Every structure is written in C-alpha cells, then in structure tokens.
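So the sequences go chain by chain: P, R, A, D, V and F. With the working numbering applied, the first sequence has no gaps in its numbers, which climb one by one up to 239 at the end. With the working numbering applied, the second sequence has no gaps in its numbers, which climb one by one up to 239 at the end. With the working numbering applied, the third sequence has no gaps in its numbers, which climb one by one up to 239 at the end. With the working numbering applied, the fourth sequence has no gaps in its numbers, which climb one by one up to 239 at the end. With the working numbering applied, the fifth sequence has no gaps in its numbers, which climb one by one up to 239 at the end. With the working numbering applied, the sixth sequence has no gaps in its numbers, which climb one by one up to 239 at the end.
6 protein chains.
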Amino acid sequence: MKVKVILPITSDIFNEEVLQEFSFYASAGTEMSMTNLSTGPASIESEYDEALCLADFLKKAIEAEKEGYDAIISDCFADPGVKAAREVLDIPVIGPGESAMLYASSLASSFSVVTVLPNVISMIRNVSKLAGLDSKLASVRYVSIPVLEVQDKERLVDALYSEMIKAIEEDQAHALVLGCTGFLGVASELQERLNASGYDVPVIDPAFASLQMAESLVTMKVKQSRLTYMTPPSKVRI
Amino acid sequence: MKVKVILPITSDIFNEEVLQEFSFYASAGTEMSMTNLSTGPASIESEYDEALCLADFLKKAIEAEKEGYDAIISDCFADPGVKAAREVLDIPVIGPGESAMLYASSLASSFSVVTVLPNVISMIRNVSKLAGLDSKLASVRYVSIPVLEVQDKERLVDALYSEMIKAIEEDQAHALVLGCTGFLGVASELQERLNASGYDVPVIDPAFASLQMAESLVTMKVKQSRLTYMTPPSKVRI
Amino acid sequence: MKVKVILPITSDIFNEEVLQEFSFYASAGTEMSMTNLSTGPASIESEYDEALCLADFLKKAIEAEKEGYDAIISDCFADPGVKAAREVLDIPVIGPGESAMLYASSLASSFSVVTVLPNVISMIRNVSKLAGLDSKLASVRYVSIPVLEVQDKERLVDALYSEMIKAIEEDQAHALVLGCTGFLGVASELQERLNASGYDVPVIDPAFASLQMAESLVTMKVKQSRLTYMTPPSKVRI
Amino acid sequence: MKVKVILPITSDIFNEEVLQEFSFYASAGTEMSMTNLSTGPASIESEYDEALCLADFLKKAIEAEKEGYDAIISDCFADPGVKAAREVLDIPVIGPGESAMLYASSLASSFSVVTVLPNVISMIRNVSKLAGLDSKLASVRYVSIPVLEVQDKERLVDALYSEMIKAIEEDQAHALVLGCTGFLGVASELQERLNASGYDVPVIDPAFASLQMAESLVTMKVKQSRLTYMTPPSKVRI
Amino acid sequence: MKVKVILPITSDIFNEEVLQEFSFYASAGTEMSMTNLSTGPASIESEYDEALCLADFLKKAIEAEKEGYDAIISDCFADPGVKAAREVLDIPVIGPGESAMLYASSLASSFSVVTVLPNVISMIRNVSKLAGLDSKLASVRYVSIPVLEVQDKERLVDALYSEMIKAIEEDQAHALVLGCTGFLGVASELQERLNASGYDVPVIDPAFASLQMAESLVTMKVKQSRLTYMTPPSKVRI
Amino acid sequence: MKVKVILPITSDIFNEEVLQEFSFYASAGTEMSMTNLSTGPASIESEYDEALCLADFLKKAIEAEKEGYDAIISDCFADPGVKAAREVLDIPVIGPGESAMLYASSLASSFSVVTVLPNVISMIRNVSKLAGLDSKLASVRYVSIPVLEVQDKERLVDALYSEMIKAIEEDQAHALVLGCTGFLGVASELQERLNASGYDVPVIDPAFASLQMAESLVTMKVKQSRLTYMTPPSKVRI
C-alpha cells in the first residue's frame, strides 16, 4: 500500500527526518511518501495556525488521492483538516492525536499527553472530547519548547521525562502519549528511562500510531463512515 | 458599541437581509456593520466548507478589530473560526451556534436543533460537545433545504414547523433552536405556530442570540479567557 | 422593559446598593425595581435558608408579574425559587448562578466559583449539575466570610483575589465566577488585579449576568419552556 | 427504632393507608409514626407545590428529632426538603425517590420511573441527576392520574401496567420504579402481572424502599455526611 | 430469612470472624451461614485472583440456592461472580462493593474508598463505573497491607485513619468506604476517630452494607432483573 | 512475530475456520497459531459462560507466553480474561470487543454492535463502558442465532444485514461492529450489501480488528500498562 504523510506546516526542517522515521516504522509492503505545505504557518501551535494550514492541506490531500495513495496522515497532533478531508476523500484519513489516544486507552485506564506549549492544551482536550476519550485523559502537560526547537533531542528527552514522571505521580497517568508529531525517535528511550525508574508504562509515539492506524484500516478495507462524513454538496468555492 | 458581523461565505445574497435583521435586533446604542467574504465557499454545509472559509474570515476579523469594533460575530451556526479568532483578538468573538444553545439550555431541560441538511449534523453535535451542552441536546433534525435556497420563507417555515413538532413529540425536545443563521426572520412565526398547536416553547434564532451575547459581553466588559485562548506565538505564516 | 429584582432574604442591608448596582448595569430602556422579603432567613447560606425563603419569594414574584414586570431575578447565587416561579409565571425568571455559569462557559474551557462559606459548595455544584455545566466547573472555593459581612469591600477583595489565584494555579480555572450576589461592585477590580498578575481572564459578576440574561430573553421575546416548567394543577394550598 | 414518616401535603386522605402500609413493611423492632402537614399544598405535583411544603415539613422534621425519632422519611417521590433537613438534623433523613432509584440501579442496568403527571418529569430527572444515577434512568413515564385520584386502585394498576410494558418494550427499562408514594400496595400485583407477561423484572415501591433505607442506615449507625450537609450558620429567620 | 455468605477465597483464617460479624449485624429474623472456597486463590488482590475464584464460587452459590437460602453475598469488595451468579440464581446475589457505594452515595455528594493494595484500584474503579457511580467516587486510596495481614487491627486502623484524613483533605471525600471485606469490626472506631478530628462523616463497612442490602431486597421481595441478567442457554460445560 | 489466538470455548467446530481466517488476515511476517479450551463452556453466551472459561484460558495464555508468542488474542467479543491475563503476562493481550469498538469509534461518530443473543447485551455494554466508549455506542442489536449455529452463513448474513439496516435507520448508527468472533468471513459481504443500499459505512470484523491491534502493539513495542494491570502478589492458588 502507499501512504501519504502531509506535514501541515511550511517549515521544511522536519521533512527528512519525518520520511526517514515513517519509512523505518512502515511494514514491508508499505510505501511512504511525504510533503509539507506551500502556504500556511511555519508550525502549528494554536487554533490560528491550524486554521491557516487547512486550505493547502486539503489541496494536497485531494492530490494525493488522485495520485493513487491508499491513506493520508495529517502529521500534526492536533489532527488538522482530518474531518474535512474525510468528507472529500474516499481513502482513510488519519489523525495522529486521535490514533495515539485510542491505542493508549486500550493499554491503560488513563493516559496523559505531554506536548510543546500551554497554547495547545485546549486543542488537545478538544481532540479527546470529540474522540469520546476525555474520561481517560488524566492531564495535558507541556515542556515549554516550541515546535521548531524540538530537534535538540537531549534537552527534549529530559524535559519530556520530567513531565512524564509528574504525570504519573501527580496526575495518576497510567500511559503516556507524546503530544507533538515533531517528538520523533524519542518514545523508546523515554519508555526505557521510565522503566528504569520503576514505571513499566507504554509511551505512544503519535506518528508511529498514525501509521499503524493507516495500515490497519487499509488492510481491513474500511474507511471513514459516509454518514458521519458526508460528501459536501457541489457549489462555488473561490 | 460597534458590532461587526462577518458572514463567512462568498455568496452575497444574504447581505442585505442580514444587516437589516441585525440592525432591527440591536439595542439603541449598538451600531451594526456586516461583510461577507472575498474568498471561500459560497455557503457552509460541511467541514470542508468551514475549512475553506477560515483564512479570509480571520483576515476580516483582524481588520475589524483594527477598525475599532467592540465585538465580532462569525455569522454561521457552525461557529467557524471562532476559536482561532479568540486567540488573535482582544475583543469578544461570538458564535451563533454556541450562543443559541446556551440560551436554550437556560430555558428548558432539553432542546433540539433544526438545520438545513444532514451533512452538518455531526458538526452541530461537535459544537454542543465542546460547549459542554451535549447532555441537553435532544436531537438534530434537518429540513433538506440547502443554505442558498432558504429564502423561500413559506416553504422554509412549513418544513421547520414540521420538524419541530417531531422534535417535541418524538425526541422530547423542550426548546427549539434554528440551526442555520440563514433562517432569518422566522423564529417568532414558528413560536406562534407551535403555541397554536399547544406547545408553549421557546424558539431561539441563532443570529439574534449571537447579537444578545455580543452586547452582553461588551456591556459586562469581559472577553474570552487568555488561558483557554492563548495568543499564538510569532512565526512565519505564508 | 421593567425588571424586578427580588432579594430573597429578610435583611435589608443590601437593598440600597443592590438597586444602585442593577440600575447602573441596566440598559437605557430598562427600568429596575427591587424588594427584599418580609419573611424568611436574614441571608442564604444553606439549603435550609433556601427552603425558608421560598414561600415569600414566590408570593412576591407572582405580585411582580401582576404589576407588569417583564422579568424577575431571584437575587441569590443559589437561584432559589427559580424553577418553581418559572412554572407559575409567564415572564422569564432568571437565576444569577445559572446565568453567570452560562456566560463563563462561553468564554473559557473551565471556570471556578468563589463563594462565601463551605456550607454552600454542594448547593453550587448542584446548580451546575442541573444546568448541565458541571463538566466545566473546575472548583468551588470560598472566602470564609458570611453573607452579612461582605460589605467590608477591602477584606472581601483581598480574600477573593487570593482564592482566584489558587483557582487558576491549582484547579486550572480559566474563568472566575463570583459565587454570591452580595459580592457587589468588585468584579472589575478583581479582573484588573488578575490582569496585573499576568492572568487575562474574565471575572463574572452574577448580578450583572442575571440582568444581561433578563434583558436578552425579554428582547428575544422568549421565556422558559412550558414543557419543562408546566403550569401547576389547581388545588388547595394553605 | 422509631421512624417518623412526614407526608408533606395538607390532604389527609392518605394518612390511614400510609401508616398501615409502613407498619406492615416495618421490621419487628421498628415503631412507625406518621403525620401530614398543617400548611402547604394539598398534594405535590410541581416545583411550586414542593416549594410551598418546605417550611412546615422542616418544622415537623425538627420536632420529630426532638421527640426522639431515629430517622425521618419525607414521604413524596420528589424527596422534598430532604437536603435542607439533613443539614439541621442529626438523624438520617430519607427520600423515597433517591432510595428507590438506588435499589433499582443495583438490580438492573437501567430502570424507568412511572409517575402521576407529566408536570413532575423534570423534577424526577433532577432527582436522578443529583443522585448521580441519570445514566441508568431509561425514561420517566406517567399515567395521567392526579395524586388525589390514585386511590382508585383498579384504574391505577391498569394504567401503571400499560406504561410499564411500554417502558420495557420501547425504552429498554430493565427495572421499574413507582414514581409516586401514593401508589401504595400495588407493587407486588404489578410485578406478578409483568411476570405473567414474560417480564421477570423488579418493581420498586418507593415508600417501602425509603423504609428499608431508613432501617439500614439506623442499623449501620450512619447518617448524612456533615461535609455535604453542613450545619446552617445561626441567624435571624422570620 | 436465611442468608449465605460465600467468602471467595481458600484461606480460612477469616471464617470465624466473618460468621461472628455477620451474625452480630443480622436482624432478629435472619439466619446467617458462611463458607469459604475449596479451590481458588488464598485471597483476592488482582483480576487474576478474581478469575480463579469464580468456578468454585458459582458452584457454592448454586448449592446454596438449592439448600434454601434466600440471598447470597459474595464476600469480597470486588464483587466477584456477582453478575454470573445473578444469571443462574433466582434469589438476590449481593456484592459488598456495589452495596457500600450505593449507601455512601445516598449520604454524601462524594466518597472515597480505602483498600488494601494499589493492585485493586482499577478493579474498584471498574465496579463504580458499572454501578454508574463513578461521578461520585472522589478517590481510591490504599493502606499497603495485604489481605492476609489485615488482622493486626491496631496497625490497620492507624493506616486506614491516615488515608481517610487524606481522602477528606486532599481528595474532597465527604464519606468513606472501607475497600476490603476483611476490614472487619473497624468502621465504628474509625468513624469516632474522624469525629474526634472534626469530621462528622459516615464510614461504610462493606460487609455490613451487603447484609443490609440482602435483607432489604428479600424483605421487599425483589431480585435482579431477568432482562439484565438473562438465564444462560443450556449447553455443554466441562 | 508470533500471535496466539485462544478460542475460550470447548467446542472445536470453529477451530479450522478461525485459524484459516486469522492466517489470511495476518501480515507477511506474522505467524498464527490457535487453540481452544480443554475445560469450560461449549460457547460463551452469558456472564456465567465467561466465568467458567477463565481458569483454562489463563492457563493457556501463560503457556503461550512461555512458548515465545508475542501477543495473545482472547477470541470472543466479550474479551474474557483479558484484564486478568494482562496482569500476569508481559506481552500484549488483546480483546476483539474493545479493539473493534476502538477502530469503529475512529471512523464514525457512533456505532452499533450486532450480536448473537439478547443475553449478551449487558456484557457488551459493559465492555464499552470500561473502554470509555459508551457515549459512542448507538445500540446493541442481535440476530437471535446461538453461537454454535452461526455457521449457516446465508441465514447469518441475512439476519445481520437486517439488523444493521435498523441500527442505521432507527438508532443513528454510523458504523457497524460484528458482535461475535464467530461471525467469520461475512464483514465484506455485509459492507457491500450496505453500500448497495446506499449506506457507505464501515463494518468492523472483531477478529480482524484484534489481529490488527495485536500486530500494531507488537510493532510499536508497547504493551499494557503495569500501573493499570499490576503483577498479582504471590500466594497460594489451588
């Protein structure tokens, strides 16, 4: 199968690593491709950024379906454009935030999300509410590192580890979800550090989760329900 | 006070009536102004349409604040762009869907929304979930009339009345909410027809509700919380 | 329009200030009137007090409708008698507690109430449950000042400010609601002090909120649903 | 132990039967006593009636504690005055509505209440919400017989049976609760008729349930929590 | 009536005390009998233990009904086998966990459970969720004492008292539930110590609660609904 | 990877088809193995059956981990023994019911389950409650065909199709979940028939869903949280 990852930002600093990581995660028969946006915000750290990425994201999602892709991933934890794209596409459209929360909720009675900045807490809570999983969300914590600075992995891992320990000890989180798809390649190290501290808990990488969800849905030959995501009526759109 | 209504669609067929209605509803000291969009969908009947209206809506909302308006109304029942605009503006930003549901929930133990097409049911349910009011939402019904055809008032009122009776008798709705801001000038007639049928229930017009909410918030000198709607970090947005 | 404020207590120490405040808040075309009770508790700080105020409150509410008032406000945060009065009156009956929570919930993803004494915490939680807004109520805090001592404004504002800061920092409140209608004339000062501390959050005054709600409902020509608040059957009541 | 039943209405037509039934239900060591009110409504069929019964109910409840009773039952399905009396008394105060719903919820995954008139549906839903049991409440149905006419047992049982069948078949109720404490002596006949129709489901009599709850709490030597039901502060109450 | 207590563990160290306590609690006309298991775990401190006790518990429950008992109590706070036994028996089957939570929820707006080990927290939360009472569960705390060591009463009471104070002061619990049926004979001492500390709150003993529930259901002549707990189809079971 | 399917029943009539189906579904690198039970019920159609399968299921699950399997599937829609096995194993343990509901909830705003008999409705509702997904469960319907008769595929598909149409049209289901792991090889035909009737909705096969979940968790190198599923203390278990 062919899966298209659309990174819904105009910064291209993640491009190489994103393609590398997804390719590494992918099953033998899965061919990965990725693109970032031509217009929109450099990164997504607010509802405002999310709003500004949608037009180009949707354009690229529609193109990807025409090019024969079997599934689309909107590669941001806030799942931008996923609902809209599900209406206009006949292939599965996957959000990393929802996917990660679903896997986490199957592994533990509660989970916390650790994200970049306080600005996106309400957005992440809203994703959990619309997914019907807010009763399992113990807390949303943040590392105070902007999206475009998460590539300093050492600083990032230390900050994430510290918030994860607080999520477990203060918020009763039983599983952890990385709350930004830019937190690449750190999940297993964090899981090991938590294990070493006596906490044998799963750490979910949302990018990895979104790819697993994409592969599973394509394999099961199912996609979004047309009763929830109806085809938009034709009209002028300028 | 000065209130700006932004009709987040590119069709201009409602412009005159919208300004007329809002001006008629407005308090003595309130000055109304309205605009529709330069780019975006002709009407909003899907998540896809909502996504496409956001960029220009936000541009016009930012302009309106600069021009000295005291509050902004995003004049569509799906409340497009309200959360994003609340982040970037320092004046209240009002959504008719949420406003109408809040007034309805204060008048009855349950309410139904009657809207245009089945396509928007999930969007309206999501508005109620994020407003925390889904436990009061008895049902979402629709009249099967597209937004751009709602100006045939006779057909519209008959269809709305018929669905409202079903909402009361089959879904246990105790109040009714008009689920499209294009349903202008029909609330009082519907309330009278329902009264005549023995149902003394309130019918909430979302445009009117949004204006009342705007005036109340400005009068009380409060606006959206900066802890829920934080100012977006500066960055390149192209 | 004419709005009647019924202060459901027998102490008259608030009378003058209440009328002054409501008159100051009221729109140009709104005529305010107020009365306190002839029989009942000196103040309301328990379910017991609330029970004892109802008979005279309802009598005065019925009189007010006969005298031509367009709306009634039961001027206590616990909204005493509001449901019963809605059954027997054909004009809107407003509760400050519910009104304040509705406005707060439209401005933030969560809010805290700061009230007088721990005795009324359960009552306030119950108001939020019946309004369907308990999922947004972060906490109920109190200043340990009885109702009849809230007129020492300096002490009151200091105590409220201190609890509001805790509500924000410990309970994740994003908006604040004053939990007693005797907390008159302090909302804007508190909002300024919170702003000065770096918290740009709305502070809702329940008396002001109830008046805005009353004016809005009268303006929209809607009142409580007769399906939720049916007219009581005739019978002997002695 | 000594249990006092206070029938919170001024009509005395139920007095004899109420005392008889409670005495029949009571355990060997339980001594029953009952009284109705001197002032208040003839029956309770609205929030308004409930409000008007409270002052005399509370007076009689306080007297009963002074006379040495071990528990009080407020003998109406809407549980009038129970919260207020719990604040001022140091003996358990029991509501038949809440008690019946608690037993029903332990016997089935859902239950319906069948009551007198549509007027009290919202009151009963509110009792279930404050008891935290609304997720188990399948429906509230009614027989359209006023409280003071329920003594025609044949008509009553037929009407209740008919609504119970609908509650099972249309609303997925798995247990039934009689929604008026005036529905005396009919539970077992209804349970038998339902059994004969193939529905082996429990029918809960709220008066009987309230007595069981009273005896259980007194036997376990527990009463209402003083943290939920704090003692009202002293003050003038006229 | 005759009530059978089945202690669903193979250790017999509690047998004597359990029979003694239940006999002490029982009403005049109630005859108590108890048995522990022949096969299964020594104690129940995990889902795994619960799974292993079920076969013999169900066998002994079926025998008890044949021997003429009127009700069965599964004497462990996790209510093992209660749902299964309700399907195959025509007499009430009672779980101490659910019973204790129901009584606690009628006495306070929130309650905490204090149990043996962290291992059973999720099990207890699940009991509250299926009982529909999770919105009232403030917290589950534990004393870090295994089931088979709870007979050192002094150590036990000190540890329970300490966690109960934390439940009240940190978790806003208004009532306390003992979270293990092995915590015998300590409820009243704990209630007194809490009273002496200024907390007049009920402490519910789950064994006592289960007996009250059993006696009440038998007295009211009701049992589990056959619509929730249908009779299992006949089949080979080896 | 090696995945072990444990069919928790003693009937072996499904063995061949189960292995065939799972092998057909499995990814290239996944090796499937299956076993049914030596002791327990012939099929699972009640809480009672579920209780009786647990001891042997857990024994076989422990053996499978020792034999080097990477994940276990408890092949019944009620997810028997999953929680207990998660405590004692260090590899993922998967339940088809929870897995199917998670995938369904990601594809639609609501879903219905269609199962074998009314006996298991409450069990399935409980699975959804503990998974936190009950707000998305539109209904549980059944075909009135016992587990051991589902191999008449034509009759089965007709009955399932008929209930699925009702779930969509009467219960507002937007996705469908097959509510028995014995419903093998019928999902795609049902999805096609629904499509042909104008309903483009996903049909989730729980066996297929459980395998996808198993493969995803093993690939992501995560398993159940040890904070939710703690290792049971050592003790005598006979």
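Ideal placement from N, C-alpha and C gives every residue a C-beta, glycine not left out. Remember, it's a predicted structure, so these values are computed and weren't measured experimentally.
DSSP state of residue i mapped onto helix, strand, coil
i, result
"V/P42", "strand"
"V/T36", "strand"
"F/F78", "coil"
"F/K3", "strand"
"D/T116", "strand"
"P/R238", "strand"
"R/S140", "strand"
"R/A72", "strand"
"F/V223", "coil"
"F/V158", "helix"
"R/I122", "helix"
"R/L1", "Because chain R is modelled from 2 through 239, residue 1 of chain R falls outside the range shown and cannot be assessed."
Residue from the options whose Cα sits closest to the Cα of residue i
i, options, result
"F/E155", "F/L108, F/V187, F/E46, F/L131", "F/V187"
"P/G30", "P/L228, P/S217, P/G180, P/D159", "P/S217"
"V/S34", "V/S28, V/S24, V/G41", "V/S24"
"A/L149", "A/V6, A/S12, A/L8, A/V4", "A/S12"
"A/L191", "A/H175, A/D159, A/I169", "A/D159"
"A/Y26", "A/L103, A/T40, A/V4, A/I14", "A/V4"
"R/L179", "R/A210, R/E193, R/A215", "R/A210"
"D/A105", "V/L108, V/S110, V/A109, V/P93", "V/P93"
is_contact[residue i, chain A] using C-beta, thresh 8 angstroms
i, result
"R/M221", "yes"
"D/D50", "yes"
Check whether residue i and residue j have beta carbons under 8 angstroms apart
i, j, result
"D/Y49", "A/V89", "yes"
"P/A72", "R/L55", "no"
"F/V114", "F/V141", "yes"
"A/A43", "D/R194", "no"
"V/K137", "D/G133", "yes"
"V/A208", "V/D76", "yes"
"R/F78", "R/H175", "no"
"A/E32", "A/P147", "no"
"V/D172", "V/A139", "yes"
"V/P108", "D/V6", "In the sequence as displayed, the identity of residue 108 of chain V is Leu instead of Pro. Not a contact, by the Cβ cut-off of 8 angstroms."
CB contact check: residue i to chain D, cutoff 8 angstroms
i, result
"V/E171", "no"
"A/G186", "no"
CB contact check: residue i to chain F, cutoff 8 angstroms
i, result
"V/D76", "no"
"P/A85", "no"
"V/S123", "yes"
C-beta neighbour in chain R for residue i, strict 8 angstroms
i, result
"A/Y162", "no"
"A/P97", "no"
Neighbouring residues, chain E, relative to residue i (Cβ below 9 angstroms)
i, result
"R/L8", "Looking for chain E here will not work: the only protein chains present are P, R, A, D, V and F."
Interface flag, residue i vs chain V, CB-CB below 8 angstroms
i, result
"F/G199", "no"
Next on the checklist: With three or more beta-carbon pairs closer than 8 angstroms as the criterion, would you say the region 18-34 of chain R touches the region 108-126 of chain P?
Outcome noted: The region 18-34 of chain R vs the region 108-126 of chain P: no contact.
Checklist entry - How do the region 125-135 of chain A and the region 93-106 of chain A stand: do at least 3 beta-carbon pairs fall below 8 angstroms, yes or no? => result Segments in contact, yes.
Checklist entry - With a cut-off of 8 angstroms, do at least 3 Cβ pairs link the region 151-168 of chain A to the region 58-67 of chain A? => result Touching, no.
Next on the checklist: I want to know whether the region 200-208 of chain F touches the region 219-239 of chain P - three or more CB-CB distances under 8 angstroms.
Outcome noted: Taking one beta carbon from each stretch, the region 200-208 of chain F and the region 219-239 of chain P have 3 or more pairs nearer than 8 angstroms; the two touch.
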